[in-house]
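Okay, so the sequence shown: first residue is 110 according to this note's numbering, each after it adds one. Glycine is no exception: its CB is placed at the ideal position from the N, C-alpha and C atoms. Notes to accompany the following structure.
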Amino acid sequence: MAKNLLIVESPAKAKTINKYLGKDFTVLASYGHVRDLVPKEGAVDPERGFAMRYDLIEKNEKHVDAIAKAAKQAEALYLATDPDREGEAISWHIAEILKERGLLKDKPLYRVVFSEITPRAIREAMQQPRSISSNLVDAQQARRALDYLVGFNLSPVLWRKVQRGLSAGRVQSPALRMIVEREEEIEAFVAREYWSIEAECAHPGQPFSAKLIKLDGQKVEQFTITDGRTAEDARARIVQAAGGALHVTDVASRERKRRPAPPFTTSTLQQEAARKLGFSTSRTMRVAQKLYEGVTLGSEGTVGLITYMRTDSVNLSQEAVAELRDVIARDFGTRALPDKPNAYQTKSKNAQEAHEAIRPTSALRTPAQVARFLSDDERRLYELIWKRAVACQMVPATLNTVSVDLAAGSQHTFRASGTTVVDPGFLAVYEEGRDTKSAEDDDEGRKLPPMKPGDRVPLERIHADQHFTEPPPRFSEASLVKALEEYGIGRPSTYASIIQTLLYRKYVELENRRFRPTDVGRAVSKFLSGHFTQYVDYDFTARLEDELDAVARGEEDWVPLMERFWKQFKTLVDDKKDNIDRTDAGSVRVLGTDPKSGRQVSARIGKFGPLVQIGTSEEDEKPQFASLRPGQSIYSITLEEALELFKLPRTLGESNGEEVIVGVGRFGPFVKRGGTYASLPKEDDPYAIDLARAVALIEQKEEFARNRIIKQWDGSDVQVLNGRFGPYLSDGARNGRIPKDRDPASLTLEEATRLLEETGKPVRGRFARKAAAKAAPAKKATARKTAADAAAPAKKAAKKTAARKTAAKKAPGKTATKKKAGTAAAKTARKTATRSGADDAPF
Numbered sequence: 110m111a112k113n114l115l116i117v118e119s120p121a122k123a124k125t126i127n128k129y130l131g132k133d134f135t136v137l138a139s140y141g142h143v144r145d146l147v148p149k150e151g152a153v154d155p156e157r158g159f160a161m162r163y164d165l166i167e168k169n170e171k172h173v174d175a176i177a178k179a180a181k182q183a184e185a186l187y188l189a190t191d192p193d194r195e196g197e198a199i200s201w202h203i204a205e206i207l208k209e210r211g212l213l214k215d216k217p218l219y220r221v222v223f224s225e226i227t228p229r230a231i232r233e234a235m236q237q238p239r240s241i242s243s244n245l246v247d248a249q250q251a252r253r254a255l256d257y258l259v260g261f262n263l264s265p266v267l268w269r270k271v272q273r274g275l276s277a278g279r280v281q282s283p284a285l286r287m288i289v290e291r292e293e294e295i296e297a298f299v300a301r302e303y304w305s306i307e308a309e310c311a312h313p314g315q316p317f318s319a320k321l322i323k324l325d326g327q328k329v330e331q332f333t334i335t336d337g338r339t340a341e342d343a344r345a346r347i348v349q350a351a352g353g354a355l356h357v358t359d360v361a362s363r364e365r366k367r368r369p370a371p372p373f374t375t376s377t378l379q380q381e382a383a384r385k386l387g388f389s390t391s392r393t394m395r396v397a398q399k400l401y402e403g404v405t406l407g408s409e410g411t412v413g414l415i416t417y418m419r420t421d422s423v424n425l426s427q428e429a430v431a432e433l434r435d436v437i438a439r440d441f442g443t444r445a446l447p448d449k450p451n452a453y454q455t456k457s458k459n460a461q462e463a464h465e466a467i468r469p470t471s472a473l474r475t476p477a478q479v480a481r482f483l484s485d486d487e488r489r490l491y492e493l494i495w496k497r498a499v500a501c502q503m504v505p506a507t508l509n510t511v512s513v514d515l516a517a518g519s520q521h522t523f524r525a526s527g528t529t530v531v532d533p534g535f536l537a538v539y540e541e542g543r544d545t546k547s548a549e550d551d552d553e554g555r556k557l558p559p560m561k562p563g564d565r566v567p568l569e570r571i572h573a574d575q576h577f578t579e580p581p582p583r584f585s586e587a588s589l590v591k592a593l594e595e596y597g598i599g600r601p602s603t604y605a606s607i608i609q610t611l612l613y614r615k616y617v618e619l620e621n622r623r624f625r626p627t628d629v630g631r632a633v634s635k636f637l638s639g640h641f642t643q644y645v646d647y648d649f650t651a652r653l654e655d656e657l658d659a660v661a662r663g664e665e666d667w668v669p670l671m672e673r674f675w676k677q678f679k680t681l682v683d684d685k686k687d688n689i690d691r692t693d694a695g696s697v698r699v700l701g702t703d704p705k706s707g708r709q710v711s712a713r714i715g716k717f718g719p720l721v722q723i724g725t726s727e728e729d730e731k732p733q734f735a736s737l738r739p740g741q742s743i744y745s746i747t748l749e750e751a752l753e754l755f756k757l758p759r760t761l762g763e764s765n766g767e768e769v770i771v772g773v774g775r776f777g778p779f780v781k782r783g784g785t786y787a788s789l790p791k792e793d794d795p796y797a798i799d800l801a802r803a804v805a806l807i808e809q810k811e812e813f814a815r816n817r818i819i820k821q822w823d824g825s826d827v828q829v830l831n832g833r834f835g836p837y838l839s840d841g842a843r844n845g846r847i848p849k850d851r852d853p854a855s856l857t858l859e860e861a862t863r864l865l866e867e868t869g870k871p872v873r874g875r876f877a878r879k880a881a882a883k884a885a886p887a888k889k890a891t892a893r894k895t896a897a898d899a900a901a902p903a904k905k906a907a908k909k910t911a912a913r914k915t916a917a918k919k920a921p922g923k924t925a926t927k928k929k930a931g932t933a934a935a936k937t938a939r940k941t942a943t944r945s946g947a948d949d950a951p952f
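So, in structure tokens, the structure goes:
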């Protein structure tokens with residue numbers, strides 16, 4: 110065992126660094142977070158200075174044990190987790206665990222940080238160790254506690270007032286509000302008609318078009334002409350005044366500079382990768398992580414290709430700038446180099462300037478040189494990062510814009526513009542993507558023929574074109590990230606997890622790469638905006654982030670911050686629990702009255718999702734329910750559309766002496782004959798399907814059922830079955846595999862039973878519940894006996910486990926749980942506390 114132990118977060122990083130440090134070091138990975146708040150109420154105690162109870166993350170226990178074993182034999186320990194607040198907190202947790210296990214006595218503990226994984230950066234970091242930053246740890250602890258308190262206190266209110274199983278995160282909720290408010294803008298939008306008039310000019314040198322800018326001596330605005338008749342009358346007047354030609358009245362030329370964009374931060378990388386590569390934020394971060402941790406470059410070995418990808422700084426080190434300038438001079442000539450390096454100012458007031466922007470660890474490694482060692486995603490992202498970094502140190506582009514005014518008589522004027530590139534400068538390498546194009550962008554690259562005042566330009570034709578204003582676009586990943594950053598909501602390193610949480614919770618859906626809120630998402634947002642306004646307010650969320658940053662800088666203590674937040678928040682939660690009616694929760698919309706029954710018709714969120722309802726729970730007669738069709742929303746459905754939904758189930762006719770019915774159930778639309786149910790494929794509409802198609806689907810299902818059983822044995826639950834993916838074994842509780850070289854029909858009961866024992870896995874879903882219900886009566890007595898017999902040893906095991914578990918003591922009175930959570934909910938909560946998602950983990 111080496112005398113020094115260095116701990117990083119990922120095994121890939123550990124492998125790379127181990128090659129750099131040599132035999133005196135053992136490098137181990139923590140595999141991300143090592144412990145988190147216990148996944149149940151009371152993990153943060155506001156009555157005891159916000160004492161926090163921690164537990165090991167179950168999937169990482171073996172890695173913690175390996176670290177502890179190595180630490181016991183090491184002479185010195187180095188914590189080299191990521192160079193951000195979360196990484197600092199992980200180092201602190203590891204240190205606390207080792208301390209509580211008595212493994213740090215008389216052993217030096219160092220914190221080292223580096224923003225790139227290269228031999229030079231690692232050596233420099235090892236020569237400049239420091240202690241763990243309590244300020245950064247406090248900021249991360251406060252952030253985690255806030256997320257926990259919001260999740261565990263606000264989510265149950267949503268369960269009672271909207272729908273069970275919902276969650277409300279501190280940062281995800283304002284992001285959801287953005288998406289919902291944009292959708293409401295789109296729905297409320299009323300298109301306006303307007304017309305434009307253009308002239309097609311037949312200049313001998315080059316034809317071009319020009320837009321009308323003055324009509325009857327007045328400036329033309331967007332809504333100057335709003336109908337076809339007015340447009341045609343104007344066009345006729347202009348044609349008559351022009352007399353077949355336009356006359357040049359003015360030619361203006363101006364030269365302008367376009368400066369390169371700064372090197373990438375986390376946010377701008379996510380935006381550009383979305384625009385130019387079509388990457389999601391999570392895909393961008395996953396690929397960037399691989400480039401940062403190291404790629405094997407043939408004989409050169411494993412090298413990190415980019416600097417740390419979680420940063421909000423646009424700074425570049427002097428060494429990096431010098432190397433970039435060398436590459437520019439070599440590949441593009443000294444004319445492409447500015448006299449002095451370009452410097453950029455970070456817009457974010459809370460940026461960690463000690464970090465660097467995202468850049469290649471060596472600009473000398475061009476995308477072409479490393480391409481063969483990279484996957485397609487890695488190659489494309491590395492090329493984006495390399496080009497942006499090189500371009501940021503190049504001279505501005507010089508553009509020349511020519512604007513020509515052309516008169517049609519004395520009262521009407523057209524204008525043509527064109528922009529040409531005089532000196533490409535940085536554009537020779539990289540041009541920043543844009544979400545929307547401006548009129549200036551349309552002119553770029555357009556070259557006009559030489560003209561001077563007094564010239565007569567032949568007129569080919571004048572045409573009028575109809576247009577309608579368009580609603581604001583839905584957010585894409587790029588534009589949502591941009592908006593979150595502009596409002597100061599969350600931090601760039603958390604944007605990917607915010608978006609993933611919204612998608613995972615089915616609060617939003619991606620439609621043509623744009624976010625559309627689901628009905629459940631809208632209900633959650635409307636409820637929070639209506640009753641917890643402050644906590645989804647953009648300014649409030651941004652101010653809270655500012656305060657957390659102040660804690661990180663050592664300017665504010667975290668406990669008073671928590672107290673200010675908690676007092677108001679808890680009072681509001683307690684009040685809303687008892688004083689909000691479910692119909693006032695944003696998830697119920699009254700549509701009108703059913704003309705047949707005279708009962709109320711409403712659209713609402715039900716137990717299994719959006720639905721429409723006739724009647725209310727207060728009436729003696731039970732309400733009727735109907736599921737929405739694809740594309741329908743409880744927020745836009747009309748009374749007439751809702752009443753149509755109650756036409757199901759409907760009888761299509763008879764087949765084989767039995768009625769054929771079509772309906773919509775919990776699992777979607779279906780057709781039924783006798784005891785046979787068949788689900789409708791997506792292409793079949795339950796409101797339009799005919800009898801012949803329904804019978805075909807039913808008989809297809811019955812044919813499958815007839816051929817499903819390949820073999821079975823009397824007196825045994827074991828069967829050989831035909832499944833969706835081929836033959837398999839089942840006894841109702843377990844499914845097992847059949848060897849590919851074995852004929853399923855020739856299996857004996859003994860062979861089938863043995864294979865089930867060797868390969869069987871529990872049946873999941875509703876079939877598992879049916880199997881369990883069937884077997885339950887015969888097993889009740891056994892279960893009680895087993896539970897009783899197991900009680901004593903289980904208690905002993907729990908005590909033994911508790912003695913081994915670790916806990917944190919960050920604040921006075923802070924204790925740790927020693928109990929291992931065994932519920933499915935606890936395990937799920939642990940899984941959400943991943944490296945990328947802990948800032949706003951869902952509960």
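Need the endpoints of the beta strand (DSSP E) that residue i sits in, please.
i	result
THR862	That residue, THR862, is in no beta strand (DSSP E); its alpha helix (DSSP H) goes 858-868.
GLY568	Note on identity: in this sequence residue 568 is Leu, with Gly being the wrong assignment. Its beta strand (DSSP E) spans residues 565-577.
GLN828	828-832
GLY701	697-702
LEU146	144-146
PHE734	733-736
GLN722	718-723
GLU465	It is not in any beta strand (DSSP E) - GLU465 carries neither H nor E in the DSSP assignment.
GLY151	Premise fails: GLY151 is in no beta strand (DSSP E) and is neither H nor E.
In terms of residues, what are the limits of the alpha helix (DSSP H) holding residue i?
i	result
GLN380	375-381
ASN127	120-130
THR610	604-613
TYR401	390-402
ILE93	The structure shown has nothing for residue 93, since the chain only spans 110 to 952.
VAL357	Segment 354-367 is the beta strand (DSSP E) holding VAL357; no alpha helix (DSSP H) there.
Can you say whether residue i is buried or exposed, counting buried as having 16 or more other CB atoms within 10 angstroms of its CB?
i	result
ARG268	It should be pointed out that residue 268 corresponds to Trp in this sequence rather than to Arg. Result: exposed.
ALA903	Confidence is the limiting factor: at ALA903 the pLDDT is only 42, short of 50, which leaves the residue's position unreliable and the question unanswerable from this model.
SER839	buried
LEU114	buried
GLN272	buried
PRO778	buried
ASP164	buried
LYS270	buried
GLU118	buried
GLN427	exposed
ARG662	exposed
GLN236	exposed
GLU728	exposed
Please look up how many angstroms separate the CB atoms of residue i and residue j, rounded, as I've assumed it's under 8 Å.
i	j	result
ARG220	ARG232	Not quite, the Cβ-Cβ distance comes to about 16 Å (not below 8 Å), so this is no contact.
ILE432	LEU473	Looking at the sequence shown, residue 432 is not Ile but Glu. Indeed they touch by this definition, with Cβ atoms about 7 Å apart.
ILE807	ARG782	5 Å
ARG647	PRO283	Here the sequence assigns Tyr to residue 647, which means Arg is not the residue at that position. That pair is a contact at about 6 Å.
ALA351	LEU568	6 Å
Quiz item: If you scan the stretch 214-238 from start to end, which runs of the beta strand (DSSP E) of 3 or more residues do you find wholly inside it?
Solution: 218-220
Quiz item: Can we say the stretch 173-183 touches the stretch 151-161, given the rule of at least three CB pairs closer than 8 Å?
Solution: no
Quiz item: Does the stretch 371-382 come within contact of the stretch 586-594, defined as at least 3 CB pairs closer than 8 Å?
Solution: yes
Quiz item: For the 8 Å Cβ check, are there 3 or more pairs between the stretch 714-722 and the stretch 730-743?
Solution: yes
Self-check item: Segments of 3+ residues assigned as beta strand (DSSP E) that fall wholly inside the stretch 504-531
Solution: 506-517
Self-check item: Secondary structure, alpha helix (DSSP H): runs of 4+ residues fully inside the stretch 740-799
Solution: 748-754
Self-check item: the stretch 510-527 contacting the stretch 401-416, beta-carbon criterion three pairs below 8 Å
Solution: no
Quiz item: Between the stretch 121-136 and the stretch 199-208, do at least 3 Cβ pairs fall closer than 8 Å?
Solution: no
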